[in-house]
Amino acid sequence: MLVFQEASKVKAIVLYEDASISKHEDLNIEGLSKMTNLELLIVYHQHFSGKPTSLPNKLRYLLWDGYPSSSLPSFEPYNRLVQLNLPNSRIKRLWNGSQVFRSLERVDLSYSKELKETPNFEGCPSLKRLDLTGCTNLVQVHPSIRDLKELAYLSFRDCDKLVTLNLDHKCKLSSLKVLDLYSCKNLKNTPDFTGLPNLEHIDLGECTRLSTVHDSIGTLVNLTYLNVQGCIKLKLPDSIDVTSLQTPKVHVTDRKEKKDSSK
0 MLVFQEASKV
10 KAIVLYEDAS
20 ISKHEDLNIE
30 GLSKMTNLEL
40 LIVYHQHFSG
50 KPTSLPNKLR
60 YLLWDGYPSS
70 SLPSFEPYNR
80 LVQLNLPNSR
90 IKRLWNGSQV
100 FRSLERVDLS
110 YSKELKETPN
120 FEGCPSLKRL
130 DLTGCTNLVQ
140 VHPSIRDLKE
150 LAYLSFRDCD
160 KLVTLNLDHK
170 CKLSSLKVLD
180 LYSCKNLKNT
190 PDFTGLPNLE
200 HIDLGECTRL
210 STVHDSIGTL
220 VNLTYLNVQG
230 CIKLKLPDSI
240 DVTSLQTPKV
250 HVTDRKEKKD
260 SSK
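Under numbering that gives the first Met the number 0, the sequence shown has 64 at position 65, and the numbering climbs by one with no breaks.
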């Protein structure tokens, strides 16, 4: 069995699953919590034994493809984490309650198919990018997401079970530029865009149950990309000025327009 050595001087670990490590050989990861100076951890290995009870407070960059546990180990309140990337993980709940990540700018939980709810983001005031692409069992979005003033990119792409996204006029998402809801096949309504005044890119493609878009979309003066291709039930509100959008990136499938164009 391979074991992470208890080396307080280690600052970076990059681990790939290659020929030098048997696919049937486990790595014991309990020693990670004792690497007090670790700043960068990149892991692409899939076979582990043990479970870290905590991660080093000096850790700034974490990329763990296929993270094997259902939740994240604890961090001390004054941690330095900037990027938290756990694609293809087994995460069910990222953390309980409100955790403090003052420096955290990026969270990637894409294709974490067991994730059912987003965490409380109250302690993440610097978050700029949140990627939940392919979280096919996600059904609940914590309301604290509405207060992420620095958030610029938000993706729920291919979140099949997401029915509603409760972002109302009280939202403080003034920095949000990209909202990706592509192929959220059970999404019934769009959010109120009043609290998202600087949106430039909205992808609603293949949202097959979506029938209406909130009228406030017409107030988005910076909107240049809107994809509604495949939204077979959707009728765009009169408030939206399609002429301001950048063609040919706009895919409008409004049935009335199709009928008129066939004359």
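Don't be surprised by glycine CBs; every beta carbon is placed ideally from N, CA and C.
Treat the numbers as computed from the prediction; the structure is a model and nothing was measured.
Within 10 Å of its beta-carbon, does S66 have 16 or more other beta-carbons around it, so buried, or fewer, so exposed?
One point to set straight first is that residue 66 is Tyr, not Ser, in the sequence displayed. Buried, since its Cβ has 16 or more Cβ neighbours within 10 Å.
Run through the DSSP bridge pairs and tell me what I231 is partnered with.
None, per the DSSP bridge assignment.
Straight-line CA distance for V81 to S69?
Spanning the two alpha carbons is a distance of roughly 21 Å.
Could you tell me which of C158, E121, T132 sits nearest to N84, measuring between CA atoms?
Looking at the Cα atoms, T132 is the closest of the given residues.
May I ask you to report which of helix, strand or coil DSSP gives T211?
Of the three classes helix, strand and coil, the one that applies to T211 here is strand, per DSSP.
State the DSSP-derived secondary structure class of S32, mapped to helix, strand or coil.
In the structure shown, S32 sits in a helix (DSSP, three-state: H, G or I).
Can you check whether the CB of D159 is closer than 8 Å to the CB of Y181?
No.
What residues match up with I12 in a beta bridge as DSSP calls it?
BP columns for I12 point to L40.
Can you tell which of F155, T218, R92 has its C-alpha closest to the C-alpha of F192?
Checking every option, the nearest Cα to that of F192 belongs to T218.
I'd like the list of long-range same chain contacts for T189, defined as Cβ closer than 6 Å, with 5 residues on each side in sequence excluded.
For T189, where only same-chain residues beyond five positions count, the Cβ hits under 6 Å are V212, H213.
Quick test of your reading: L198 and L222, contact by CB under 8 Å. State the CB separation rounded to the nearest angstrom.
L198 to L222, Cβ: 6 Å. Contact.
With a cut-off of 8 Å, does the C-beta of N185 fall near any C-beta of chain D?
Of the chains in the structure shown, none is chain D; there is only one protein chain.
Roughly how many angstroms separate the alpha carbons of C123 and V99, rounded to a whole number?
Their backbone Cα atoms lie some 6 Å apart in a straight line.
Does P236 pass the burial test, meaning 16 or more other C-beta atoms within 10 Å, or should it be called exposed?
The residue in question, P236, is exposed, as its Cβ has fewer than 16 Cβ neighbours within 10 Å.
Report, in whole angstroms, the separation of the C-beta atoms of K127 and L150, which I expect to be a contact under 8 Å.
Confirmed, about 6 Å.
I201 by DSSP, collapsed to three states: which one?
Residue state, collapsed to three classes: strand.
Under the three-state reduction of DSSP, which class applies to S97: helix, strand or coil?
The answer is strand: DSSP assigns S97 an E or B state.
Answer yes or no: do Y43 and L71 have a C-beta to C-beta separation smaller than 8 Å?
No, the Cβ-Cβ distance between Y43 and L71 is not below 8 Å.
By the three-class DSSP mapping on this structure, what secondary structure does R156 have?
The answer is coil: DSSP assigns R156 none of H, G, I, E or B.
Would you kindly report the start and end of the unbroken beta strand (DSSP E) that includes V177?
Run containing V177: 177–179, per the beta strand (DSSP E) assignment.
I need the straight-line Cα distance from L209 to L233, nearest angstrom please.
Approximately 6 Å, taken between the alpha carbons.
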